[in-house]
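Read the structure below first, then the notes.
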Amino acid sequence: MQAGILLQLAQTLLAILLAPLLMGWVNQCRAWLQGRSAPPITQPYRTLRKLFHKDAVIAHTASPLFRFAPYMIFACMALAAGIVPTLANDLPFSPAADVIALVGIFALARVFLALAAMDIGTSFGTLGARREMLVSFLAEPALLMVFFTASLISQSTELPVIVDTLAHQEFAIYPSLAFAAVAFWMISVAENARIPVDNPATHLELTMIHEAMILEYSARHLALIEWAVALKLFTYSALGIALFLPWGIAGQGELGMLPLALVAMAGKLLLGGAVLAFLETVSAKVRLFRAPEFLGTAFLLAVLGMLIHFLLEV
Amino acid sequence: MIATLPVLPPDPVQWAWGLVLFWLALGFSALPLQRSPRALGRLVFPAGALGALGIAGVGMAGMVLPASTAILPIGLPDLPFHLRLDALSAFFMVLLGGAAFGVSVYASGYFRSMAPGPLALLALWYHLFLAGMVTVLLADDAYAFMVAWEVMALSSYFLVTTDHKIPAIRSAGFLYLLIAHVGAVALLLAFGVLHGGHGDYTFDAMRLAQTPPFWASVAFLLALFGFGAKAGLVPMHVWLPEAHPAAPSPVSALMSGVMLKTAIYGLLRVSFDLLDVQVAWWGTLALALGLVTALYGVIFAAVQSDMKRLLAWSSIENIGIIVAAFGLTLIFATDGKGALAALTLTALLYHALNHAFFKGLLFIGTGSVLHATGVRHMGHLGGLMRFMPWTAWLVLIGALAIAGLPPLNGFVSEWLLLQAFLLTPGLTQPYLNMVIPVAAATVALAAALAAYVMVKFFGVVFLGQPRDPALLEAHEAGWPERLGMLWLAAGCVLLGLFPALVIGWLAPVVQLLTGETLVNDASWLLLAPVSSERASYAPLIFFAVVLTVLLLTILWVRRVYHGRVRRSAPWDCGYPEQDARMQDSAEGFGQPIRQIFEVFMKVERETPDPFSRTPRYRGASLDKLWFLLYEPIARVAGWLSDQAARLQHGRIQWYLIYSFATLIVLLVFTR
Amino acid sequence: MTLTYHLQIVNLLAALLLLISFAMLSQRRIAGLITLFAWQGAALAASTLLVAWSTGQHHLYYSAAITLVLKVIAMPWYFFHIVRKLDVDRDVEPMINIPTTMLIGIVLVIFAFNLALPISELSGTVMRSTLGIALATVLLAFLMMITRRKAIPQVIGFLAMENGLFFAATSTSYGMPLVVELGVALDVMVAVFVLSIFFFQIRETFDSLDLKHMEKLKEK
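Residue numbers (the numbering used here), protein chains in the order written: chain A, 423 to 736; chain B, 16 to 686; chain C, 26 to 245.
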């Protein structure tokens, strides 16, 4: 149990510390693919350090909620990162929140971000909040349905049990997970504000969603939000790996497997980041009105995955 | 009446009846007190709140004690009122008492500025309403039930029409009364079918009666229609968004938080207790109706711009979720899956309790806003968090809870319901197996849309800049109001943090209806309804971890860096001359939802002239069902009454001839 | 799951077939549609190959080869050729918006499976559940034909329908006799040629491939 708690803390800390690195890697790959010279992989850390050192500038009209929200969002993402098995399956915290609660954590963070965006009362803030909620009201149930497909296979909504069933039991092919994987990719793209739903690199009023919400933040608050965004990307990548490529995650009590798990994880994340950058480079940003259609498709694909499970696998 | 109460120790049912009498006495004592409005506020409502606390206490006792009965010597000769308090009634009494306590405490401060005459009348109807609802829960024969049901309906009608000088409120009240009575007629017929010609209208006789499946189905459909009309099930929901906003806020809180639940109580009572058989397709029908209601309600909630109307639509959504859980319970029960039925029923009861607390809180929160600003339209509000921080933070708890966010209470019941959906592969009917994932998706969609609605509600009303200069004068609510809100908010938090205890407490009700209980597989800290391998949720740990990380982060940032803050004007990408009108209005925030779901709506828009100096935009998204279903019915009814009006001549001889003819015809038939 | 691996893979391919059908429903561009059609053919060929290998039915190897050549290489190439020649690769709005179409699609899938359930229980082959998928593919292709305005998507829908039927034949009764299959293949090719002649004719007459112009042809 003690080893488990230590492992849990180590894993969570590792996720928090390494998350900006993944962000740096994705940015680097994207720059290479677009023929630009890439920023160093540690650029996100430098940005965070710079932001933490600055004086925070806050609008006159801000309420305490505005200053509280970044901490809340960061705490939610840290908890989420702690629940998802990255290196080992033995997570003493994970019974506290299963996959449904995980969706709840993401939703909690999002609602606080949207409320904080509306707090100042600027035109862009409310616009961003509205668009974010528009994206999320379809992405959230879709994510839940993806999890349900995996839960139906493994008869559990606990992530360690799901990973255990998929990675450590007898190998089987689950067609329903093919649907779930496609839906999951679409959801991750939308939830992490990437192309084709959002573009993290612009401040163009016609298209921005996430950036519009955090326009009023500066210095340490902005740093925390940026870090939480990196952590979210990391958590989603870890989730995708845990659901669809779980091989290599150390099982219950297999401490000797940890170095191998670390290598496997690093390899999968590097590959995943590169694939994300590639897909972002080859696709075009859709118009905002098409975003509900994109996400509606993801939602229905996820439902279809559940259906396929009932049809082919029971 | 007092004579029937035995000396010691009285049964819970007699305590409950005693408290009903106390409320009645309190209500009527308000009339002579109308000379001193302060006494009304400081005496009658707080005493009523104590009564509510008493009802909750009696309910708590009733949950664990065996069922107790009483026969009252009132009513018609040979037709006395039968009362009975079992675990199911007791649960709903706790719900009623818990929510009504907070609302009554709130009301003692809320009505202070009202004129004394109307206030005395309001206090009378208010307590009559509470007494009627408790009697509905206690009634053990169809006669007492219908009398209490009518008392409840009529007193709430008078409460809705408190501001009867406004025509819109009068017509809202009329619509409410009309649909309530159509529903009541259906209930009367349902009891008629249940009683099956035995001449005995007690519930005991109905429990013993063997109803053939066909007639059982007829009774169930009538009950679903009648109770559905009260609960606001689509398509009988039209009165709800009219009547709830029209009523004073504490009354809206009671109607939405508690009165709708009496209909759920009736539904459970009739289908699980009074009917001896259940047929499988009832569950499918209720599930489908519930899901449609949930989705319909939340879509319309997202496009409202009146804050109370928004909450009323959100009540429709929650009733939909409860009825969907009811349908799933029936499906499991008829399929012989007792344990799963127990899980689903637990989710249903939990959600009903949660809704009483968070919807009560939100409605009285809008009451405070209304008092402070005099405005219900969200387009004229904004930025209230700075002027009324107590109200804002407490309402935020309610909004997060209703949006189904952990670690608050709304999440727990939705979690339980989704777990129940995940267990459907155990069902024996393959067709249902395939339809139910789609149903689970609908529940998830409704829950996610609820978050949209709540961000809109809270963000537009409390955050941003005031959209009207008059708002700068807004004042915080008084202490009784804050206490009332605090009570309900505390309920939301506690129900969210200790689900394992609540589930253990619900066990007698679940046992009574499904014959099985939900066994929590773990300690009080961890909620694991099926097995801890399968699913678990520990809100307390969840909360503790989030809090720890939060505090650590704050501490770390302060320690390692600094806490310096400069204030300046908002940046907003450098656009100059920002003003409050450039924020999203309520219509603007709902626009994406309106665009996606426009098929269900009839949209009316007035856009200003581009060169207008004082541009005004007005938009309303109206319920299409009203035009497709109700207006044709109203037209047919109007036509029929026009035809009937031809009989009217004004000459008394003609009327006598009608009576005479009727008499002759009847005599011929009953020969 | 007690199925052997190759059957599991056939199941996976069946699911992919369905996935591609849904992707076709949600695809707006004609070029994307053709690519998806090619992928569907590839999945079909792979599953036929697998069934041939696992059951030892030799004639299925030929079917797989025909599918590969005809539906993965020849027809998509030909369609791309037409699209380039007629210059019609634009974003097209379907008649019903895409999520609604997909919702109808899900209903169709449930319907198809319920329809196939008693038949596949009768048939008793190990591939029972794939019959439902085959039927669903046919219905979805039909749906796509209904919701599209342009001529080329309609033809692709028609061919996708044929894919579904072909899959039903291989997966439930280990394929049709070779002669029948050759005949069908020939039919399909002829149909494609005839239709492509129509494309050019329609285009000549109306200066567009939008089928709403055909409405003018009704008798007044």
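Even glycine gets a Cβ: it sits at the ideal position worked out from N, Cα and C. Nothing here was measured: the structure is a model prediction, and the numbers come from that model.
Would you decide whether residue i is buried or exposed? Buried here means 16 or more other CB atoms lie within 10 Å of its CB.
i: Y658(A); result: buried
i: G578(B); result: exposed
i: P523(B); result: buried
i: I181(B); result: exposed
i: Q674(A); result: exposed
i: Y215(C); result: The amino acid at residue 215(C) is misidentified as Tyr; the sequence shows Val. It is exposed - the Cβ of V215(C) has fewer than 16 other Cβ atoms within 10 Å.
i: I391(A); result: Residue numbering for chain A in the displayed model covers 423 to 736; residue 391(A) lies beyond these limits and cannot be assessed.
i: M16(B); result: Low confidence applies here, because M16(B) scores a pLDDT of 41, under 50, leaving its location unreliable; read the following figure in that light. Result: exposed.
i: Y141(B); result: buried
i: F711(A); result: exposed
i: R284(B); result: buried
i: V22(B); result: At V22(B) the pLDDT is 48, less than 50, meaning the model places this residue with poor confidence; the figure from the coordinates comes in the next sentence. V22(B) is exposed by the Cβ-count criterion.
i: V434(A); result: Sequence check: residue 434(A) is Thr here, not Val. Buried, by the Cβ-count rule.
i: V614(B); result: exposed
i: G665(B); result: exposed
i: F656(A); result: buried
i: P172(B); result: According to the sequence provided, residue 172(B) is Tyr. The question's Pro does not apply to it. With 16 or more Cβ atoms within 10 Å of its Cβ, Y172(B) is classed as buried.
i: L345(B); result: buried
Under a CB-based cut-off of 8 Å, is residue i close to chain B?
i: L44(C); result: no
i: F223(C); result: no
i: N139(C); result: yes
i: L75(C); result: no
i: L220(C); result: no
Do residue j and residue i count as a contact pair if the criterion is CB distance below 8 Å?
i: M445(A); j: G474(B); result: no
i: V202(B); j: W164(B); result: The amino acid occupying residue 202(B) in the given sequence is Leu; Val does not appear at that position. Result yes, Cβ atoms of L202(B) and W164(B) sit closer than 8 Å.
i: C588(B); j: H482(A); result: no
i: T35(B); j: V149(B); result: Sequence inspection shows Val at residue 35(B); the Thr mentioned does not correspond to that position. It is a contact, given that the beta carbons lie within the stated cut-off.
i: G113(B); j: G506(B); result: yes
i: L565(B); j: M494(A); result: yes
How close, in whole Å, do the beta carbons of residue i and residue j come, if the pair is a contact with beta carbons under 8 Å?
i: L168(C); j: A137(C); result: Not quite, the Cβ-Cβ distance comes to about 11 Å (not below 8 Å), so this is no contact.
i: L455(A); j: A699(A); result: 6 Å
i: F341(B); j: L282(B); result: 6 Å
i: M499(A); j: A650(A); result: 4 Å
i: M127(C); j: F225(C); result: So it is not a contact: roughly 33 Å between Cβ atoms.
i: R489(A); j: H643(A); result: 7 Å
i: G382(B); j: L478(B); result: Incorrect: roughly 19 Å between the Cβ atoms, too far for contact.
i: G157(C); j: L599(A); result: Not quite, the Cβ-Cβ distance comes to about 19 Å (not below 8 Å), so this is no contact.
Within the 8 Å Cβ cut-off, does residue i reach chain C?
i: L729(A); result: yes
i: Y467(B); result: no
i: M16(B); result: Annotation note: pLDDT 41 at M16(B) (below 50); position unreliable, coordinate value reported separately. By this cut-off, M16(B) is not an interface position.
i: Y280(B); result: no
i: P607(B); result: no
i: E715(A); result: yes
Is any beta-carbon of chain A found at less than 8 Å from that of residue i?
i: I34(C); result: yes
i: M127(C); result: yes
i: W405(B); result: no
Taking 7 Å as the line, does the beta carbon of residue i fall inside it for any heavy atom of the ligand FMN?
i: D212(C); result: Although the ligand FMN was asked about, the structure shown includes no ligands whatsoever.
Are the stretch 558-574 of chain A and the stretch 719-732 of chain A touching, with three or more C-beta to C-beta distances below 8 Å? Yes, the stretch 558-574 of chain A touches the stretch 719-732 of chain A.
I want to know whether the stretch 595-604 of chain A touches the stretch 558-569 of chain B - three or more CB-CB distances under 8 Å. At 8 Å Cβ cutoff, the stretches do not touch.
Sufficient close CB pairs (3 or more, under 8 Å) joining the stretch 243-252 of chain B to the stretch 303-312 of chain B: When Cβ pairs closer than 8 Å are counted between the two stretches, the stretch 243-252 of chain B is seen to touch the stretch 303-312 of chain B, the count reaching three or more.
Evaluate contact between the stretch 534-543 of chain B and the stretch 369-379 of chain B, counting only Cβ atoms and requiring at least three cross-stretch pairs below 8 Å. No, because fewer than three Cβ pairs between the stretch 534-543 of chain B and the stretch 369-379 of chain B fall closer than 8 Å, the two stretches do not touch.
Which residues, taken in chain order from the stretch 546-569 of chain B, show a beta carbon closer than 7 Å to some beta carbon of chain E? In the displayed structure, chain E is absent; the protein chains listed are A, B and C.
Using 8 Å as the cut-off, can you tell me whether the stretch 618-636 of chain A makes contact with the stretch 64-84 of chain C, which would need three or more C-beta pairs spanning the two stretches below that distance? With a cut-off of 8 Å, the stretch 64-84 of chain C and the stretch 618-636 of chain A do not count as touching, because too few Cβ pairs lie within range.
With a threshold of 8 Å, are at least 3 pairs of Cβ atoms found where one atom belongs to the stretch 192-212 of chain B and the other to the stretch 221-241 of chain B? A contact between stretches requires three or more CB pairs, one per stretch, nearer than 8 Å, and the stretch 192-212 of chain B meets this requirement with the stretch 221-241 of chain B.
Specify whether the stretch 460-470 of chain B and the stretch 408-420 of chain B touch according to this definition: at least 3 beta carbon pairs, one from each stretch, less than 8 Å apart. Short answer: they touch.
The stretch 43-60 of chain B in contact with the stretch 122-135 of chain B per 3-pair CB rule at 8 Å: Touching, per the Cβ criterion.
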